[in-house]
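Visitor: The opening residue of the sequence shown carries number -17 in our numbering; numbering runs sequentially from there.
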Amino acid sequence: MGFEELLGQVGGFGPFQLRNVVLLALPRMLMPMHFLLPIFLAAVPAHRCALPDTPVNLSHQDTWLEAYLPREPDGSLSSCLRFTYPQALPNTTLGDERQSRGEQQGETSAVPCPQGWEYDHSEFSSTIATEWDLVCERRGLNRAASTFFFAGVLVGAVAFGYLSDRWVPESARWLLTQGHLEEAHRCLLRCARLNGRPVGEDGLSLEELSKVAAAERMVRRPSYLDLFRTPRLRHISLCCMVVWFAVNISYYGLSLDFSGLGLNVYQTQLLFGAVELPSKLLVYISVRHAGRRLTIAGTLLGSALTFGTRLLLSSEMVSWSTALAVIGKGFSEAAFTTTYLFTSELYPTVLRQTGMGLTALVGRLGGSLAPLVALLDGVWLSLPKLTYGGIALLGACTALLLPETRQAQLPETIQDVERKSAPSSLQEEQMPMKQVHN
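1) Classify Ile267: buried if its beta carbon has 16 or more other beta carbons within 10 angstroms, exposed otherwise.
2) Roughly how many angstroms lie between the CA atoms of Tyr248 and Asp56, to the nearest whole one?
3) Report yes if the C-beta distance between Val140 and Leu376 is below 8 Å; otherwise report no.
4) Measuring alpha carbon to alpha carbon, tell me which residue in Val3, Thr336, Lys367 and Ile278 is nearest Ala381.
5) Is the number of C-beta pairs between the region 123 to 132 and the region 343 to 362 that are closer than 8 Å three or more?
6) Alpha helix (DSSP H) containing Cys173: first to last residue?
7) Would Val257 and Gly312 qualify as a contact pair, given that the criterion is a beta-carbon distance under 8 Å?
8) Just to confirm my understanding: we take Asp359, look at its own chain, exclude 5 residues before and 5 after, and list those with CB closer than 8 Å. What are they?
9) Counting beta carbon pairs with one atom in the region 288 to 303 and one in the region 206 to 218, are three or more of them shorter than 8 Å?
10) Could you spell out where the beta strand (DSSP E) holding Tyr101 opens and where it closes?
11) Run through the region 28 to 68 for me and flag every whole beta strand (DSSP E) of 3 or more residues, listed as ranges in chain order.
12) For the beta strand (DSSP E) that Val26 lies in, which residues bound it at each end?
13) Along the chain, where does the beta strand (DSSP E) containing Val181 start, and where does it finish?
14) For Gly138, which option in Ala342, Asn124, Ser232 and Arg270 has the closest C-alpha, if you only look at C-alpha atoms?
15) Nearest-angstrom Cα distance between His103 and Pro27?
16) Does DSSP put Val257 in a helix, in a strand, or in coil?
17) If you compare alpha carbons, which of Leu6, Leu157 and Ser237 is closest to Phe17?
18) May I ask you to list the residues that DSSP assigns as paired with Val93?
19) Pull up the distance between the alpha-carbon of Gly371 and that of Gly310, whole angstroms please.
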């Protein structure tokens, strides 16, 4: 008897397991709030160079700003540069001795803000950008703060994932592997009672449990190297790593970069959050009919297309850009949801947790790099979206290289995974002669 048959005796997935799932889901509901904190903590409000003697009369403030601030190629006033001396403007009386001295010396060049910045506090009273002036030439440090956050998540996932294996005395399987038969016996009896399947004190004998415990201890503790020892598992692991990297970097790339949408950060996040529910419903329908592989490839392709299409829109088409961003967020969320399901079904039981841990680790790496990709707009304005979309397209193509798991029996051992890749003639040779003749 194996441990799975033992669980069948105590009711399988019943109220006991459902209660545990609900309890585990409660902290999960809080996690997105932490993962999206950089959007608010590192927000960069509108800003400009601090200027001397800013006029109190607001009617002259626009003229004052035009005299001190150069214009960007798009016609907006610069947020990072100012003229050393105010420039003469047509049809104005702006011109004091400092302006005259500047014209005499020929100093009309723009320089970085020597007196710091002034920020628009109408949306945020304070962020790390305003507190530490992480703007303009120091904006890379602002993006790095988000990267450090996700890097901490990566390290924490590894460290606390290892520690959590030692904090689960309520797990009957863990108790059996450690030889604590009596505690495992009590745990299984409690599970059966809550599931409405009382088996009695003698229904699960200690002798029976000792046999199951011996079988569990015979299974060697898996390692990450086991994911690459055989050809089929190596193929699955490498493809899943690419897919997880693409899903994470496109998801967080879209979530953290909402420039040009014409909405404030709160409205944007409200729309992004609202679209996640229908996207999960889409996943539920799609994985049942189209399959896991086509679902994840299609959703990643949809994310890539939304990134690419937004590049073709002019700056005046704000409504279309916003709609595409919301659609892209829905696709990326659907890809995220499907990835968890698909990966867990690809790996055999003995390596499922190890495989999920490795691929999630690579995914966190993608999430850590997503804020830094946004800095590529200093090279070319469209380069960040091209990068996010290109990686999502790569992930979609890679997902097509994975085997479909819809309506397939989940593999239990490494041999089950490798057997699926063997030629049909070889599989027949490995089957009992009775089955071959039938």
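Quick reminder that beta carbons are idealized off the backbone N, C-alpha and C, glycines included.
Guide: This is what the structure gives:
1) As a working mapping, residue 267 is identified with position 285 in the sequence shown. A residue is called buried once 16 or more other Cβ atoms fall within 10 Å of its Cβ, and Ile267, having fewer, is exposed.
2) Here residue 248 corresponds to residue number 266 of the sequence shown, with the count starting at 1. Here residue 56 corresponds to residue number 74 of the sequence shown, with the count starting at 1. A direct Cα-Cα distance of roughly 26 Å separates Tyr248 from Asp56.
3) What you label residue 140 is simply residue 158 of the sequence shown in a count that begins at 1. What you label residue 376 is simply residue 394 of the sequence shown in a count that begins at 1. Not a contact, by the Cβ cut-off of 8 Å.
4) By 1-based counting over the sequence shown, the position of residue 381 is 399. With respect to the C-alpha of Ala381, the residue from Val3, Thr336, Lys367 and Ile278 having the closest C-alpha is Ile278.
5) A contact exists between the region 123 to 132 and the region 343 to 362.
6) Taking the first residue of the sequence shown as position 1, residue 173 is located at position 191. Per DSSP, Cys173 belongs to the alpha helix (DSSP H) from Leu163 to Leu176.
7) Here residue 257 corresponds to residue number 275 of the sequence shown, with the count starting at 1. Here residue 312 corresponds to residue number 330 of the sequence shown, with the count starting at 1. In contact: Val257 and Gly312 (Cβ atoms closer than 8 Å).
8) Here residue 359 refers to the residue found at position 377 when the sequence shown is read from its first residue. Taken in chain order, the residues that qualify are Leu365 and Pro366.
9) These segments do not touch.
10) Residue 101 sits at position 119 when you count from the first residue of the sequence shown. That run of the beta strand (DSSP E) goes Trp99 to Tyr101.
11) Within the region 28 to 68, the beta strand (DSSP E) runs of at least 3 residues that lie entirely inside it are, in chain order, 29 to 31 and 63 to 65.
12) Within the sequence shown, the letter at position 44 stands for residue 26. For Val26, there is no enclosing beta strand (DSSP E), as DSSP gives it neither H nor E.
13) If you number the sequence shown from 1, residue 181 lands on position 199. For Val181, no beta strand (DSSP E) run applies, since DSSP gives it neither H nor E.
14) Position 156 of the sequence shown, counted from the start, is the residue given in the question as residue 138. The shortest Cα separation from Gly138 among Ala342, Asn124, Ser232 and Arg270 belongs to Ala342.
15) In the sequence shown, counting from the first residue as 1, residue 103 sits at position 121. In the sequence shown, counting from the first residue as 1, residue 27 sits at position 45. CA-CA distance, His103 to Pro27, rounds to 7 Å.
16) Locating residue 257 in the sequence shown gives position 275, counting from the first residue. Three-state DSSP puts Val257 in coil, outside helix and strand.
17) On the sequence shown, position 35 is the one that residue 17 refers to. Its Cα nearest to that of Phe17, the residue Ser237 stands out among Leu6, Leu157 and Ser237.
18) In the sequence shown, the residue the question calls residue 93 occupies position 111. In the DSSP assignment, Val93 is bridged to Arg64.
19) Translated into the one-based positions of the sequence shown, residue 371 becomes position 389. Translated into the one-based positions of the sequence shown, residue 310 becomes position 328. Their backbone Cα atoms lie some 10 Å apart in a straight line.
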